[in-house]
Amino acid sequence: MSTCISCGRKVAPEEKAVKMNCPNCGAVTIWRCEKCRLFGRTYKCPACGFQGP
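Quick note, the numbering used here runs 7 ahead of the 1-based positions in the sequence shown.
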């Protein structure tokens with residue numbers, strides 16, 4: 008099971024989460040849960056430090 012990069016919660020397979028590569032470096036796969044996406048919580052790429060909503 009994957010982990011949301013914003014809140015650290017486990018992401019269930021049936022959840023409306025998003026999986027993407029870092030928009031800046033592309034080196035890290037970023038998972039964001041439905042709630043963090045909905046509330047626009049920030050995330051930070053551990054490889055390059057890019058922060059996004």
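Idealized CB from N, CA, C, for every residue including glycine.
Please read all numbers here as calculations on a predicted model, not as lab measurements.
In the DSSP annotation of this structure, Arg44 is not part of any beta strand (DSSP E); the continuous alpha helix (DSSP H) holding it starts and ends at Glu41 to Phe46. When secondary structure is reduced to three states using DSSP, Thr49 falls in the coil class, being assigned neither helix nor strand. Assigned with DSSP and collapsed to three states, Val35 falls in coil, not helix or strand. In this model, Ala24 and Val35 are separated by some 16 Å (Cα to Cα).
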